[in-house]
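K.L.:
Taking mature numbering (1 follows the signal peptide of the UniProt record, and there is no 0), I'd label the letters of the sequence shown as residues -22 to -1, 1 to 433. We put the beta carbon where it would ideally sit given N, CA and C, even for glycine.
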Amino acid sequence: MNNFKKLQLLLLCALFVGLLFAACQNDDVDINDQDTKLLTRNSPLTNLLQRASMYDTTLDNAIDSTSCFSVKLPVQVDVNGQLVTLSSPSDYHLVADIFLQFPNADNYMGYQYPITVIYSNYDEAVVNNSDELNSLRQECGVTLPGEPIYCFAISYPIQVFGYDSNFQLAHTYTVTNNTALFLLLYNLEANEFYAIDYPISIMINPVGESVPVNSNMELMAVLNTAIINCSGTTPPCIPTNLNDGLIVYYSFGNGSLLDSKGGAHLTNTTTAHFAADRGGNLNCAYEFDAATGTFLSATNTTALNGLTQMSVSLWYQPGVDQSEYELLIGRDTGMHCPDTNGQWSVGLYDLRRAVFGYKNSVWQVNGSQENIWYHVTATYNQVNNTIKIYTNGVLDETATGIANCGTAGPPTVQDIGDLFIGKNFTGKIDDVAIYNRELNAAEVTQLYGLQPCCQ
């Protein structure tokens, strides 16, 4: 930053702070980003930049089965009795390569403790054994400014001018990477201001376009547009026509728990782990064990609110029969009439038949057998409260109206609750898709015919 620009910003800081000192001496200062170059920890732009510069904890999901944190490299792992050193993300394939040598075995991977884990806010924790690691998965207690954003990247280096109003101190920071930017913004105090030295460049993902930016207003516009366009992209493996109305999609490719369509990213606070999908692709499905209470969940479920139509599609391979209700996917919790867990659900029950519950219930014709992959699609239309369930592309049952629940009265539903996958279920689940419209029979058949997605 040249001396003239630095002097301008210093004078701006001094004038601005002087005007606000009496009113804001003990409170956070809130600044309109569109009216000044100055930003604070409460500025919307600060939030976006923090979320874009978080540590990417999804890179090793295929290894640690969680997006809550990543295992710091290098690390030594025991894979089916073979010791392997993972020095960089490019080494993760070594685990899969060993698994491929034993296609019919119960594959195992364990860490050589102690290890260090890194959270999205760059905090680190030393883990001494598997019990501690599982506890950290379940707690997942780090406080973050919001969901991570992967729709754009900042072209470094950039310069940031900082000002502390308490001590009237000014600093110029040369920021060279995401770590430095995140920690600079994450540790801002109420009395600290900063300004970005424009112009800077933003790299838009996934197209790789570099966009020049000259002001806070331009930066907000570019980032918000990138987020909208990124959320609207077609997920891998989904044909264009089946992208229409798609609001949530989990391919579980390479163990990822990200929603590649929107922001309903999953969290694994249990020991649910990656597994081979129906095509034999390693680390491209998730495996659950009811005996140990495994499941996946998402808290950002606003995309599921207010739906007058919906469709849910997934693949599942049941393991050992639990002889009770097994949730494949559903919103919220609590069994109630009619055969529903939470607001709506798709599960296995009564001879392990798939059942879709939403104000009424519809059932699969035949029960599911162990270790066989099945495709299930459930649809809902508010018109006449029509629900349907399909197995392997074939319609099983249709129901209209609201179920008669006797003395319990008609079922009521509310747009509340987290999304759960695999709760009280033993087996594998893959390629989960949720739509805000009712799929027709031809589209259901097309979904069933798609190849396994491992991207």
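(1) Residues in the same chain with beta-carbon distance under 6 Å from Asn107, minus the five sequence neighbours each way, listed in chain order, please.
(2) Between Lys337 and Asn363, is the Cβ-Cβ spacing less than 8 Å?
(3) So Phe230 and Thr311 are in contact, right, with Cβ under 8 Å, and what is the actual spacing, rounded?
(4) Could you please give the first and the last residue of the uninterrupted beta strand (DSSP E) stretch that includes Gln28?
(5) Keeping to the same chain, check which residues put their C-beta closer than 8 Å to that of Arg19; ignore five residues upstream and five downstream.
(6) Which residue from Asp38, Thr150, Ser179 puts its Cα closest to that of Ser65?
(7) How is Ile76 classed by DSSP in three states: helix, strand or coil?
(8) Measuring alpha carbon to alpha carbon, tell me which of Val95, Gly395, Arg415 ends up nearest Thr280.
(9) If we ignore side chains and look at the alpha-carbon of each, how far apart do Ile216 and Leu274 end up?
(10) Express the C-alpha separation of Tyr172 and Leu197 in angstroms, rounding to a whole number.
(11) Can you tell me which of Leu260, Glu348, Lys406 puts its alpha carbon nearest to the alpha carbon of Cys432?
(12) Report, in whole angstroms, the separation of the C-beta atoms of Arg331 and Asn349, which I expect to be a contact under 8 Å.
(13) How would you write the range of the beta strand (DSSP E) that Asn359 sits in, first residue to last?
(14) How is the alpha helix (DSSP H) around Arg115 delimited, first residue to last?
(15) Among Pro22, Thr152, Gly284, Cys315, which has the Cα closest to the Cα of Thr385?
(16) What beta strand (DSSP E) runs, 3 residues minimum, are completely inside the stretch 226 to 277?
(17) Ile225 and Gly241 - do their beta-carbons sit closer together than 8 Å?
(18) Just mark Asn10 as buried or exposed, buried being the case when its beta carbon has 16 or more other beta carbons within 10 Å.
(19) Would you give the residue range spanned by the beta strand (DSSP E) that residue 489 belongs to?
(20) So for residue 434, helix, strand or coil by DSSP?
(21) Quick one: Cα of Pro22 to Cα of Leu122, how far?
(22) By how many angstroms is the C-alpha of Asn202 removed from the C-alpha of Phe139?
(23) Kindly indicate which three-state DSSP category Leu159 falls into: helix, strand or coil?
(24) Would DSSP call Val343 helix, strand or coil?
(25) Between which two residues does the beta strand (DSSP E) containing Tyr327 stretch?
(26) Does the distance from the CB of Gly325 to the CB of Glu304 come in under 8 Å?
(27) Just mark Gln60 as buried or exposed, buried being the case when its beta carbon has 16 or more other beta carbons within 10 Å.
P.N.:
To lay it out plainly:
(1) Correct list, in chain order: Tyr91.
(2) Their beta carbons are under 8 Å apart, which means Lys337 touches Asn363 by this criterion.
(3) With 8 Å as the limit, Phe230 and Thr311 do not qualify as a contact, their Cβ atoms being about 22 Å apart.
(4) Gln28 -> not in any beta strand (DSSP E); alpha helix (DSSP H) instead, spanning 22 to 30.
(5) Closer than 8 Å at the Cβ level, and outside the excluded window around Arg19, lie Asp6, Leu163, Leu166, Glu167, Ala168, Glu170.
(6) Comparing alpha-carbon positions, the option among Asp38, Thr150, Ser179 lying closest to Ser65 turns out to be Asp38.
(7) Correct three-state label for Ile76: helix.
(8) With distances taken between Cα atoms, Thr280 lies closest to Gly395.
(9) Straight-line Cα distance between these residues: approximately 22 Å.
(10) Going by the C-alpha atoms only, they are around 15 Å apart.
(11) Taking only the C-alpha atoms, the option nearest Cys432 is Leu260.
(12) The beta-carbon distance between Arg331 and Asn349, rounded to whole angstroms, is 17 Å. This is too long to meet the 8 Å contact definition.
(13) Here the beta strand (DSSP E) through Asn359 covers 352 to 359.
(14) Per DSSP, the unbroken alpha helix (DSSP H) holding Arg115 starts and ends at 108 to 117.
(15) When Pro22, Thr152, Gly284, Cys315 are compared, the shortest CA-CA separation from Thr385 is found for Cys315.
(16) Taking only runs of at least 3 residues, the beta strand (DSSP E) segments lying wholly in the stretch 226 to 277 are 251 to 253, 263 to 266, 274 to 276.
(17) No.
(18) Low confidence applies to Asn10: its pLDDT is 41, below 50, so where it sits in the model is not reliable, and the reading given next is rough at best. With fewer than 16 other Cβ atoms from the protein chains shown falling within 10 Å of its own Cβ, Asn10 counts as exposed.
(19) Outside the shown range of the chain (-22 to 433) lies residue 489, about which nothing can therefore be said.
(20) With the chain running from -22 to 433 in the structure shown, residue 434 is simply not present.
(21) About 14 Å.
(22) For Phe139 and Asn202, the distance between alpha carbons rounds to 24 Å.
(23) Reduced to three states, the DSSP call for Leu159 is helix.
(24) Of the three classes helix, strand and coil, the one that applies to Val343 here is coil, per DSSP.
(25) From DSSP, the beta strand (DSSP E) with Tyr327 extends over 322 to 327.
(26) Yes.
(27) For Gln60, the number of other beta carbons within 10 angstroms of its own is below 16, and it is reported as exposed.
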